[in-house]
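Inspection log for the structure reproduced underneath, given as structure tokens.
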Amino acid sequence: MSKERRIIEIEPGRMTPGGGMTDHIESRGHQCPYCQGNGYHWQEDEWQERYKKECPICKGSGRLDAVITVEWKAEE
1 MSKERRIIEI EPGRMTPGGG MTDHIESRGH QCPYCQGNGY HWQEDEWQER
51 YKKECPICKG SGRLDAVITV EWKAEE
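For the sequence shown, position 67 matches number 67 in the UniProt record's numbering, and the numbering has no gaps at all.
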């Protein structure tokens with residue numbers, strides 16, 4: 001089975017004293033591992049009827065977005 005791999009190269013950009021020392025990176029469209037990208041799980045009610053229950057992690061979309069925050073600080 002193939003697996004996608006994404007690499008982020010981190011390098012400080014132009015900075016000024018007292019300025020912003022953080023970077024924000026977004027990576028969109030990752031498959032939800034909880035529901036395997038379906039957006040739901042099969043459940044059974046009290047009469048053993050099957051129904052789709054929305055995934056509590058991805059809220060039914062089947063996809064997740066990653067938000068990565070990098071905070072720059074002086075070396076100690």
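Where is the CB? At the ideal position from N, CA and C, for every residue including glycine.
From what residue to what residue does the beta strand (DSSP E) around residue i run?
{"i": "W42", "result": "Y40 to E44"}
{"i": "E54", "result": "R50 to E54"}
Strictly by DSSP, which residues pair up with residue i?
{"i": "Y34", "result": "For Y34, which the question treats as bridged, DSSP gives no partner whatsoever."}
{"i": "R63", "result": "Q31"}
{"i": "I68", "result": "I25"}
For residue i, which of the options has the nearest alpha-carbon?
{"i": "R6", "options": "R28, K52, I57 and G13", "result": "R28"}
{"i": "I57", "options": "D65, E26 and R50", "result": "D65"}
{"i": "R73", "options": "R50, K3, M15 and E54", "result": "Here the sequence assigns Lys to residue 73, which means Arg is not the residue at that position. For the residues R50, K3, M15 and E54, the minimum Cα distance to K73 belongs to M15."}
Measure how close the beta-carbons of residue i and residue j come, nearest whole angstrom, since I'm counting them as under 8 Å.
{"i": "G37", "j": "Q31", "result": "4 Å"}
{"i": "E11", "j": "V67", "result": "Between V67 and E11 the Cβ distance is about 19 Å, and since that is not below 8 Å, they are no contact."}
Are residue i and residue j touching if we call contact CB-CB under 8 Å?
{"i": "E71", "j": "M21", "result": "yes"}
{"i": "G62", "j": "G39", "result": "yes"}
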